[in-house]
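**Q**
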Amino acid sequence: MSPAPTARRAEERDASAEDRDDRREEGDDPSLVVGVDVGGTHVKAGLVTATGDVLELTRTDTSGSSEGLVDIVVGVVDGLLTAARGRQVVAVGVGAAGLVDHARGVVVLAPHLPWRDEPLRDRLEGRLRLPVVVDNDANAAARAEHRFGAGRGEPDLLLVTLGTGIGGAHLVDGRVQRGRHGLAGEYGHMTVVPDGRPCPCGRRGCWEQYASGSVLGRAAEDLVRQGRPGATVLRELGGGDATRLGGEHVTRAALAGDPLAANLLEEVGRWLGHGLANLTSALDPGAVVVGGGVVAAGDLLLGPARRALAERLPGAGHRPVPPVRAALLGNTAGLVGAADLAREGSG
30 MSPAPTARRA
40 EERDASAEDR
50 DDRREEGDDP
60 SLVVGVDVGG
70 THVKAGLVTA
80 TGDVLELTRT
90 DTSGSSEGLV
100 DIVVGVVDGL
110 LTAARGRQVV
120 AVGVGAAGLV
130 DHARGVVVLA
140 PHLPWRDEPL
150 RDRLEGRLRL
160 PVVVDNDANA
170 AARAEHRFGA
180 GRGEPDLLLV
190 TLGTGIGGAH
200 LVDGRVQRGR
210 HGLAGEYGHM
220 TVVPDGRPCP
230 CGRRGCWEQY
240 ASGSVLGRAA
250 EDLVRQGRPG
260 ATVLRELGGG
270 DATRLGGEHV
280 TRAALAGDPL
290 AANLLEEVGR
300 WLGHGLANLT
310 SALDPGAVVV
320 GGGVVAAGDL
330 LLGPARRALA
340 ERLPGAGHRP
350 VPPVRAALLG
360 NTAGLVGAAD
370 LAREGSG
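As structure tokens, this is what we get:
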């Protein structure tokens with residue numbers, strides 16, 4: 030039997046009061062955490078408050094060597110410690126693309142980074158003299174969107190991030206589901222086309238070879254190189270160099286009314302929806318949040334994704350289709366979530 034309306038209202042008031050108390054306690058904490066997001070092309074980092082605000086933000090190109098990339102992370106953190114101007118920094122959180130053993134702080138395998146079995150937590154703690162937490166970048170982003178963004182108030186959440194590849198994370202009752210070995214969430218490498226396009230992971234037909242930001246860039250480059258009529262906007266955005274084109278250029282062109290760019294987004298959106306249908310069948314999330322720079326395209330990308338999800342989800346018409354929302358925290362989600370995980374771990 031469901032509770033009476035008066036009881037429900039009392040429960041809602043209690044929950045609301047607890048939420049306000051939690052936010053007040055967070056707001057009373059003046060300490061900072063350095064959050065770092067190590068992606069395939071850039072290292073983003075910032076000073077993050079207990080309420081998820083980013084006070085300082087830096088962005089540095091990713092190095093091609095393992096040692097060089099560790100040096101970059103240390104240098105970025107040192108710079109932010111100086112920028113803290115005496116405010117207490119209690120920990121460092123790092124989100125890295127790829128397979129990450131969160132418990133040991135080891136980057137096991139990162140197809141878009143030079144790290145293999147990299148004991149990142151121990152190396153950083155030895156040089157920074159601060160507690161360090163290392164996690165997968167999508168796990169970190171999911172934590173941030175759940176706590177501060179588009180997934181706030183949704184206990185069972187699926188996050189998918191579109192960038193150089195595709196990252197993902199699943200939260201149940203607000204907690205990241207890591208799997209038996211801590212390696213869950215590598216959704217970008219599920220096969221969607223057997224023997225399809227080659228992937229940097231060494232396999233073929235991975236989802237991220239059909240629905241990531243880098244796929245948009247490569248498709249745009251091909252259109253310009255082929256001299257396709259109507260590719261003028263893309264050509265101009267690339268400054269005459271087709272190799273410079275990325276997902277953000279396709280997004281800008283589509284929002285400016287370029288039909289070729291809009292078609293590229295529709296194609297990637299359909300592939301996105303196909304993968305989301307698979308994941309929804311397996312995980313049954315309450316909501317889906319999609320992050321990454323190309324989400325700025327809005328319904329040009331997410332509209333086809335929603336339609337493909339609804340069409341391909343088994344039991345259509347007899348089961349709920351989860352809402353698909355654009356992430357709210359943008360490119361800071363990974364570092365904000367990494368900082369929040371580190372704050373929790375250092376508490």
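Residues in the sequence shown are numbered from 30 upward in steps of one, following the numbering used here. Note that beta-carbon positions come from the ideal geometry of N, C-alpha and C, so glycine has one too. Just so it is clear, the structure is predicted and the values come from calculations on it, not from any experiment.
#1: Where does the unbroken alpha helix (DSSP H) through N307 begin, and where does it stop?
#2: Nearest to L200 by CA position, among R176, S60, A139, T70, is which residue?
#3: Three or more beta-carbon pairs under 8 Å between the segment 64 to 71 and the segment 351 to 358, yes or no?
#4: With the cut-off set at 8 Å, would you say L364 and G124 are in Cβ contact?
#5: Suppose only complete runs of 3+ residues qualify. What are the beta strand (DSSP E) ranges in the segment 193 to 265, listed by chain order?
#6: How is the alpha helix (DSSP H) around L284 delimited, first residue to last?
#7: Return the CA-CA distance between H218 and C230, expressed in angstroms with no decimal places.
#8: Within its chain, find whatever has a CB closer than 8 Å to the CB of D107; leave out the 5 residues flanking it on each side and keep chain order.
#9: In whole angstroms, what separates the C-alpha of S310 from that of L188?
#10: Please specify which runs of the beta strand (DSSP E), each continuous and at least 3 residues long, are wholly inside the segment 77 to 128, giving them in chain order.
#11: Starting from G320, trace the beta strand (DSSP E) in both directions and tell me its first and last residue.
#12: In three-state terms, what does DSSP make of T272?
#13: Contact check, L274 vs L263 under 8 Å by CB: the rounded distance?
#14: So G134 and L149 are supposed to be a Cβ contact under 8 Å. How far apart are they, rounded?
#15: Return yes when the Cβ of P351 is within less than 8 Å of the Cβ of G320, no when it is not.
#16: Spatial neighbours of G246 within its chain, please: CB distance less than 6 Å, with the 5 preceding and 5 following residues excluded, ordered by chain position.
**A** Taking the geometry as given:
#1: 288 to 312
#2: When only C-alpha atoms are compared, the closest one is R176.
#3: no
#4: Closer than 8 Å, so yes.
#5: 195 to 201
#6: 276 to 284
#7: 8 Å
#8: L157
#9: Distance between S310 and L188, taken at the CA atoms: about 15 Å.
#10: The qualifying runs are 83 to 90, 118 to 125.
#11: 316 to 320
#12: Helix, per DSSP.
#13: Rounded, the Cβ-Cβ distance is 6 Å, consistent with contact.
#14: 6 Å
#15: no
#16: L274, G275, G276
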